[in-house]
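**Q** Below you will find the structure I want to go over with you.
Protein chains: 2
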Amino acid sequence: MNTGELVDLGQQLRVDSVRASAAAGSGHPTSSMSAADLVAVLLANHLRYDFERPAHPGNDRLVLSKGHASPLLYSAYKAAGAIDDEELLTFRKLGSRLEGHPTPQRLPWVETATGSLGQGLPVGVGIALSGKRLDRTDYRVWVLCGDSEMAEGSVWEAAEHAGYEHLDNLVVIVDVNRLGQRGPTRHGHDLDAYARRFRAFDWHTIEIDGHDVDAVDRAYGEALSTKGQPTAIIARTLKGKGVQAVEDREGKHGKPLPEAEEAIAELGGPRDLTVRVQEPPAARALHSAGTGEIELPRYDLGDEVATRNAFGEALAALGTARGDVVALDGEVGDSTRAEYFAKEHPERYFECYIAEQQMVATAVGMAARGWVPFATSFAAFLTRAHDFVRMASISGSGINLVGSHAGVAIGEDGPSQMGLEDLAMMRAVHGSTVLYPCDANQTARLVAAMAGLEGIRYLRTSRGGSKVVYGPDEEFPVGGSKVLRSSDRDRLTVVAAGVTVHEALAAADALEQDGIQVRVIDLYSVKPVDRATLRQAAEDTGCLLTVEDHRREGGIGDAVLDAFCDGRPVPRLVRLAVETMPGSASPAEELRAAGIDADSVAAAVRMLVEQAIVP
Amino acid sequence: MNTGELVDLGQQLRVDSVRASAAAGSGHPTSSMSAADLVAVLLANHLRYDFERPAHPGNDRLVLSKGHASPLLYSAYKAAGAIDDEELLTFRKLGSRLEGHPTPQRLPWVETATGSLGQGLPVGVGIALSGKRLDRTDYRVWVLCGDSEMAEGSVWEAAEHAGYEHLDNLVVIVDVNRLGQRGPTRHGHDLDAYARRFRAFDWHTIEIDGHDVDAVDRAYGEALSTKGQPTAIIARTLKGKGVQAVEDREGKHGKPLPEAEEAIAELGGPRDLTVRVQEPPAARALHSAGTGEIELPRYDLGDEVATRNAFGEALAALGTARGDVVALDGEVGDSTRAEYFAKEHPERYFECYIAEQQMVATAVGMAARGWVPFATSFAAFLTRAHDFVRMASISGSGINLVGSHAGVAIGEDGPSQMGLEDLAMMRAVHGSTVLYPCDANQTARLVAAMAGLEGIRYLRTSRGGSKVVYGPDEEFPVGGSKVLRSSDRDRLTVVAAGVTVHEALAAADALEQDGIQVRVIDLYSVKPVDRATLRQAAEDTGCLLTVEDHRREGGIGDAVLDAFCDGRPVPRLVRLAVETMPGSASPAEELRAAGIDADSVAAAVRMLVEQAIVP
């Protein structure tokens, strides 16, 4: 398109943003209007995209990091012929695909859910990295950011990653409209403030007037011809551009325009331009071939093996069997044992350094391109990426997260390194699966199983060695559990997972010597839980005692309740969990101090028997 | 101290780090050895600190961001005479104050718990900001960082905040020892890679050889005389410096030295230097005076008021009564209503822009200086700061967090903006208090109450208006609840909080017309819960139906279980919670679609009656 047409298209995108927001009675038209020319030029002259085949491997990828500017995105879809005007006006209504913030769950052209600021660029980096090192097709990734979100550290974590990886297939466009939600941004229209930050992280930068369509066009061209570096285009724009009542004014964020009809007239009235978006080049995504058959590691009964080790070995085996499995780690691969995968499959291993948000975002980006990522760190440090996990779930992203060093059982390193809240965090994620193995064979099986699930899958592993209690051919369905001790004289049921399974077994043995039989359940599938087995145990024994190396809230104790929240009778419940602030001590001392070791379990059972709470 | 003495002191710190780690059988001596000269010069020639009076308002503040280098910190304490050699050798042992990673819960000289990398600088920024704008004393804040942690976005979020605020009382020292946990860092010994990033964020930078004590001394002097900018000293060092077996070698992270005795000899043997640390200057912290008496806003029964509005008004009133209350917001103060405080008390209001990690870190830093911070954002976006909240709890920090826009009830903005996992996250924090008011008068009272509590306090507020159901003189003790409907014919108990209280009341009214009486409990104190009232309800009605605008896991449904986990009989339980992925729709449509509106509650009760699950 030529200059005049581009200007016209920009105005059309503004008009349609105003119309959609007016129809909805809410939304962010002014944030859309600032970036309208930036999007118009991209759509008309640079984006290569087949809207009828969003899965086309050659398609460029467009990420709207400033997700609240969704009216602009949907107006662009309309201009490209992907949606019609009628649908545009369903914006933000019940059942519409056009949500307040875009999500790939509803729209096939959206790469990742946005709306939590500072996440679009990190995921875009993941997609670009996928393009360079996995897909090896030369699509380009375009990310449109707001200026307010530049305050998020995650943006600079992403900038660091992209600069270091020389991602010249990545272009970020920063819509510097000077105004955040509640007033001016830190840097206002100081474009260089942003440019010099990006340059420091080894990006190429271009500063332009974002309403000069020719300058925008040239900037995109320059970005595409820049080699060895990602490019940041820093564009000076005006929020609400084109409508005097709102242009560059405070207090106009996130509201429909007060006089929509007048505003539309001021913008030159409705238009009906259609853009023929460039076809993507022919491309074929390169998924490495795998052997197809997984040969999981096998461990001998009675051996001492850390579940983190079994995880690493199983992941390496999975990577051999499946060419689509990739691994990412946050500079602790020697601890999480992700390094075992790195040694076997270096081309599919991504060192993310100490940057857990970017690690998860990279996984989300790769999952969007069809890869099956496993991202690993200490369980404690995955809390750093909580908001990214939350948004990944809104995207419907299929990623595997593995948190090592669970609980007080890590010992001397102390509470900063202990994952004690991770089960609560991961259980609350919509549609998640939460697995917590207690031995090496179980771990290996669960690693293989989780790769085939939907949504967010979480595996919790332990630092120390634990005895192999299951044979290598035992099966562990997700949603199942294992009854490890059972008799018809069980007086209660101990429900454990991970390290506490071994404590529970030792307690059961000690109690048996006193003539007290208890059932022991290994609840390796924390979500979903095995309702049938828990209900049977409730019926048989009347009391469930949970013991877990996790905070009292949100972990195993709460998980078992999933079996009893439909109005049926609930068994008696007793919880042992970590209710103190641990310090440094040996693993055994930590378990004892937290009251979750074998002696504590046995003592609790004896007390319940003495008090006649259980028969 | 002169050059020779400083060199000697550096060696002593190395020797003591090696000895402490050897005694513990674990720890990070090599990470301590790289920074030993940096700490020696600081301790001997620049730090102003009275170890006998850690609360002295004139004391400089030293933050060990690379918390794993704790042997170095403890060795410095010994050199300063704060601990003796015997205690040094208790490092990492059960009951010792000298944990694997330092925490202020155990040691009075530690400002904030570290061990999760990338958090020391953010908290240091908070302390420095406190010094400049609140305490108005001229202590200096020294933060020692590792190079690996420079990959964390939180470091650049902090750099942005400090540069923008011109914190010339802040000095960060980056110990560039080239080696992370599992191998080389991204930038190795490229000091300029770090320096140009800091410069881009408007810092003064100095690059030095971190083992040249004279250069270090000069750099500290230059930092102290730099005005209007924070200073970053980028120091080239060698990990394991001074012991050939480990110096600058990979694979030596986080382990005692293999041959401790030989290493100590190579370092010149044990020394017993004592440092006379400079006295701090006389200083008096300036806490603004308050009126002392809080005049909370009062709302009329039946009025429609959003709890976020009541929060804002109550916080402003609290700020008038108490001069030590400060407020921080993440660029959404017009939404959270923190802006009401900003208007009344601009000198105690801190705009943190969209940087939730830095916002919480700033709060932690200010709390360390005796202030009572309230930090606000959308509940959904507080997940961004999860790891900071976790570490704040390890610090024993007293901070108030307020999350607005709870749940699907926000309506059209969609799931990215909906706080649906916040209760799970905040309940699992050790020692936390979690409050969730349903009306304006209740909100105001809870805001006043939370300011006086210990630990992490969380208040969840709602976007939309809700009817005032309590009079302005009603009291709401933390740990309490309110029984809003009760009779001797209650067939079950509906437990609700926040927006669902109103849905539950409407359901109770509708059911009453059908002759079905239900009890309704407003569980405004989610943690701790009101065990007595829940137990009475269980005894009287036999069944608890929880209804919440939150995920099924970790929220109200799980919270009520706290009353029944000691082996006593448990009532029947039914849960209504958000189990779908919401889209955009009106608040009423969202509540209905999630199955947590009045009709859903009433339908669930009728079904339980029909199925004879309740009498």
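Chains as they are written, first to last, in my numbering: chain A, 1 to 615; chain B, 1 to 615. The beta carbon of each residue, even a glycine, is placed where N, CA and C say it ideally should be.
Which word fits Asp558(B), buried or exposed, when buried means at least 16 other C-beta atoms lie within 10 angstroms of its C-beta?
**A** buried
**Q** Which same chain residues end up closer than 6 Å to Ala598(A) when comparing Cβ atoms and leaving out the 5 residues on each side of it in sequence?
**A** Glu503, Ala506, Ala507
**Q** Note down the Cα distance separating Gly268(A) from Leu13(A), rounded to an integer number of angstroms.
**A** C-alpha separation (whole angstroms): 12 Å.
**Q** Starting from Met581(A), find everything on chain B with Cβ-Cβ shorter than 9 Å and list it in chain order.
**A** Thr103, Gln105, Ser393, Ile394, Gly396, His430, Gly431
**Q** For Leu628(B) and Trp156(B), I'd like the C-alpha separation in whole angstroms.
**A** Any property of residue 628(B) remains undetermined from this structure, which presents chain B solely from 1 to 615.
**Q** Go to Thr500(A), then tell me how far its alpha helix (DSSP H) extends in each direction, as first and last residue.
**A** Residues 499 to 513.
**Q** For Pro270(A), which residues from the same chain have a beta carbon less than 7 Å from its beta carbon, with the 5 sequence-adjacent residues on both sides left out?
**A** Val15, Ile264
**Q** Compare the Cα-Cα distances from Ala367(B) to each of Ile83(B), Ala80(B), Leu129(B), His405(B) and report the closest residue.
**A** For the set Ile83(B), Ala80(B), Leu129(B), His405(B), the Cα lying nearest the Cα of Ala367(B) is the one of Leu129(B).
**Q** Run down chain B in chain order and give the residues with a C-beta less than 7 Å from the C-beta of Phe564(A).
**A** Within chain B, the residues near Phe564(A) are Leu573.
**Q** Look at the alpha carbon of Tyr49(B) and the alpha carbon of Gly67(A), and state the distance between them as a whole number of angstroms.
**A** 48 Å
**Q** So the candidates are Glu261(B), Pro297(B), Gly120(B); which of them puts its Cα closest to the Cα of Glu632(B)?
**A** Given that chain B is displayed from residue 1 to residue 615, the structure contains no residue 632(B) and the question cannot be resolved.
**Q** Along the segment 286 to 305 of chain A, where does the CB come closer than 8 Å to a CB of chain B? Name the residues.
**A** none
**Q** Quick one: list the residues of chain A neighbouring Glu157(B), beta-carbon separation under 8 Å, in chain order.
**A** Listed by position along chain A, the residues whose Cβ is nearer than 8 Å to that of Glu157(B) are Ala151, Glu152, Gly153, Trp156.
**Q** Hey, does Asp597(B) have any beta-carbon neighbour from chain A nearer than 8 Å?
**A** Chain A, which has no Cβ nearer than 8 Å to the Cβ of Asp597(B), makes this no.
**Q** Could you tell me if Ser621(A) is buried or exposed, where buried requires 16 or more neighbouring beta carbons within 10 angstroms of its beta carbon?
**A** Outside the shown range of chain A (1 to 615) lies residue 621(A), about which nothing can therefore be said.
**Q** Between which two residues does the beta strand (DSSP E) carrying Val243(B) extend?
**A** Where Val243(B) is concerned, there is no enclosing beta strand (DSSP E), given that its DSSP letter is neither H nor E.
**Q** Excluding five sequence neighbours on each side, which residues of the same chain lie with their C-beta closer than 8 Å to the C-beta of Val63(A)?
**A** Glu111, Thr112, Thr114, Gly120, Leu121, Val123, Gly124, Ile127, Val141, Trp142, Val143, Leu144
**Q** Measuring alpha carbon to alpha carbon, tell me which residue in Arg182(A), Gly554(A), His204(A), Ile208(A) is nearest Leu191(A).
**A** Of Arg182(A), Gly554(A), His204(A), Ile208(A), the residue nearest in Cα terms is Ile208(A).
**Q** Does Val570(B) get closer than 8 Å to chain A when you measure Cβ to Cβ?
**A** yes
**Q** Using DSSP's beta-bridge definition, name the partner residues of Ile206(B).
**A** Ile233(B)
**Q** Can you tell me where the alpha helix (DSSP H) with Pro122(A) in it begins and where it stops?
**A** 120 to 130
**Q** Taking Ile394(B) and Thr103(B) to be in contact with their CB atoms under 8 Å, please state how far apart those CB atoms are, rounded to whole angstroms.
**A** That belief holds up - the Cβ atoms of Ile394(B) and Thr103(B) are roughly 6 Å apart, short of 8 Å.
**Q** Using alpha carbons as the reference points, say which of Gly398(B), Ala76(B), Leu401(B), Ser96(B) lies closest to Asp272(B).
**A** Ala76(B)
**Q** Would you list the one or two residues that DSSP bridges to Ala406(B)?
**A** Paired residues: Gly419(B).
**Q** Pick out the complete alpha helix (DSSP H) segments inside the segment 537 to 614 of chain A, 4 residues or longer, and give them in chain order.
**A** Taking only runs of at least 4 residues, the alpha helix (DSSP H) segments lying wholly in the segment 537 to 614 of chain A are 556 to 559, 587 to 593, 598 to 610.
**Q** Expressed to the nearest angstrom, what Euclidean distance is found between the alpha-carbon atoms of Gly370(B) and Val326(B)?
**A** Cα to Cα, Gly370(B) sits roughly 11 Å from Val326(B).
**Q** Quick check on the DSSP output: the alpha helix (DSSP H) that includes Trp621(A) runs from which residue to which?
**A** Examination of residue 621(A) is not possible in this model, given that chain A is present from 1 through 615 alone.
**Q** Is the CB-CB distance between Arg427(B) and Glu548(A) below 8 Å?
**A** no
**Q** Below 7 Å CB to CB, which residues in the same chain sit around Phe381(B) once its five sequence neighbours on both sides are set aside?
**A** Gly330, Glu356
**Q** Could you name each continuous beta strand (DSSP E) segment of 3 residues or more that falls completely within the segment 247 to 290 of chain B, going from the start of the chain to the end?
**A** none
**Q** Just list the residues that DSSP pairs Thr433(A) with in beta bridges.
**A** Thr433(A) pairs with Arg457(A).
**Q** Does the Cβ of Ala162(B) have 16 or more other Cβ atoms within 10 Å, making it buried, or fewer, making it exposed?
**A** buried
**Q** Helix, strand or coil: which one does DSSP assign to Lys527(A)?
**A** strand
**Q** For Asp488(B), count the other beta carbons within 10 Å of its own beta carbon; 16 or more makes it buried, fewer makes it exposed. Which is it?
**A** Burial state of Asp488(B) is exposed, judged by a 10 Å Cβ sphere holding fewer than 16 other Cβ atoms.
**Q** Is Ser466(A) helix, strand or coil when you go by DSSP?
**A** Residue state, collapsed to three classes: strand.
**Q** Any C-beta of chain B within less than 7 Å: which residues of the segment 398 to 422 of chain A qualify?
**A** Glu412, Asp413, Gly414, Pro415, Ser416, Gln417, Glu421
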